[in-house]
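Engineer: Be aware that the sequence shown starts at 106, since it is given in the numbering used here, and climbs by one per residue.
The beta carbon of each residue, even a glycine, is placed where N, CA and C say it ideally should be.
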Amino acid sequence: MNAIVIYKSKYGSTKTYAEWIAEELGCKAVDAKQIKIDDLAEYDTIIYGGGLYAEVIAGVTIITKNMEKLKDKKLIIYTTGITPLDCRDYYDKMVIEKNFKGDIASKVKVFNFLGKMKMSELSLVHRTALKTLKKIMSSKENPSEMEKLLVELCDADGDFSDRNAITDLIQYVKE
Ligand SMILES: Cc1cc2nc3c(=O)[nH]c(=O)nc-3n(C[C@H](O)[C@H](O)[C@H](O)COP(=O)(O)O)c2cc1C
106 MNAIVIYKSK YGSTKTYAEW IAEELGCKAV DAKQIKIDDL AEYDTIIYGG GLYAEVIAGV
166 TIITKNMEKL KDKKLIIYTT GITPLDCRDY YDKMVIEKNF KGDIASKVKV FNFLGKMKMS
226 ELSLVHRTAL KTLKKIMSSK ENPSEMEKLL VELCDADGDF SDRNAITDLI QYVKE
């Protein structure tokens with residue numbers, strides 16, 4: 106196995122997971138900014154990690170726009186986010202539909218991890234976006250369970266990263 110971990114991380118959580126995974130696999134973890142798609146030709150296993158921002162996996166298009174070039178590779182994608190991991194409709198439907206068009210979902214294996222959201226570290230743009238989202242969701246008359254959860258998550262403040270969570274991914278890579 107010749108693997109590489111690539112990540113896009115604004116606040117560091119996805120990078121931390123990339124380093125943990127790379128350490129377990131004995132391979133490199135590289136910021137996606139430093140990667141051109143042709144650099145990946147030499148690897149047979151590509152692990153891409155991105156934080157979730159409004160259900161979008163940050164930077165994942167480096168994979169999804171290059172499926173032809175990556176077609177013979179084992180492709181693994183992990184997300185980091187603050188939505189509880191038991192919200193399977195969120196991860197298995199909303200996130201998948203938003204990020205993987207056509208048959209791409211059947212060609213990648215996706216893992217979801219809890220990340221970090223520390224209010225004091227967020228950019229002004231992100232803090233404002235969360236405030237606006239909370240205001241909109243709070244004003245709904247009959248909010249769905251998901252909308253109620255979103256209101257709560259807007260106030261999440263902490264680091265929920267967990268090294269033990271990568272076990273299944275590592276096992277899948279080694280299979
Ligand atoms: C503006 C904003 C939008 C976010 N949207 C989502 C989301 O849709 N789903 C989710 O689970 N987490 C969401 N999060 C939480 C981030 O995904 C989480 O903090 C993640 O660990 C960030 O990764 P990073 O530290 O590598 O940048 C959001 C955070 C911010 C600031």
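Could you pull out every unbroken alpha helix (DSSP H) segment of at least 4 residues lying fully inside the stretch 128-207, listed in chain order?
Structural biologist: 166-169, 201-204
Engineer: For ASN107, is the classification buried or exposed, using 16 other Cβ atoms within 10 angstroms of its Cβ as the cut-off for buried?
Structural biologist: Residue numbering aside, residue 107 sits at position 2 when the sequence shown is read from its first letter. Flag for ASN107 reads exposed.
Engineer: Just checking my contact of MET199 with ALA261 at CB under 8 Å: how many whole Å lie between their CB atoms?
Structural biologist: By 1-based counting over the sequence shown, the position of residue 199 is 94. By 1-based counting over the sequence shown, the position of residue 261 is 156. Not really, about 18 Å apart at Cβ, beyond 8 Å.
Engineer: How long is the line joining the alpha carbons of SER244 and ILE162, rounded to whole angstroms?
Structural biologist: Within the sequence shown, the letter at position 139 stands for residue 244. Within the sequence shown, the letter at position 57 stands for residue 162. Going from the Cα of SER244 to the Cα of ILE162 covers about 27 Å.
Engineer: Which runs of the beta strand (DSSP E), 3 residues or longer, sit entirely within the stretch 211-260?
Structural biologist: 214-219
Engineer: Hey, would you say the C-beta of TYR158 is under 6 Å away from at least one heavy atom of ligand 1?
Structural biologist: Mapped onto the sequence shown, residue 158 falls at position 53. TYR158 Cβ: within cutoff of ligand 1.
Engineer: In this structure, how does DSSP classify THR112 when only helix, strand and coil are distinguished?
Structural biologist: In the sequence shown, the residue the question calls residue 112 occupies position 7. Correcting the residue type first, residue 112 is Tyr in the shown sequence and not Thr. Strand.
Engineer: Could you check whether the Cβ of THR237 sits closer than 6 Å to any heavy atom belonging to ligand 1?
Structural biologist: Here the question's residue 237 lines up with position 132 in the sequence shown. Set against 6 Å, the gap from the CB of THR237 to the closest heavy atom of ligand 1 is not smaller.
Engineer: If you measure from the CB of ALA234, is any heavy atom of ligand 1 nearer than 6 Å?
Structural biologist: Numbered from 1 along the sequence shown, position 129 holds the residue referred to as residue 234. Yes, since a heavy atom of ligand 1 falls inside the 6 Å radius drawn around the Cβ of ALA234.
Engineer: Of all the options ASP264, SER118, SER249, which has the alpha carbon lying nearest to the alpha carbon of TYR183?
Structural biologist: Here residue 183 refers to the residue found at position 78 when the sequence shown is read from its first residue. When only C-alpha atoms are compared, the closest one is SER118.
Engineer: Distance check for LEU235 and ILE209, CA to CA, integer angstroms please.
Structural biologist: Position 104 of the sequence shown, counted from the start, is the residue given in the question as residue 209. Position 130 of the sequence shown, counted from the start, is the residue given in the question as residue 235. Straight-line Cα distance between these residues: approximately 30 Å.
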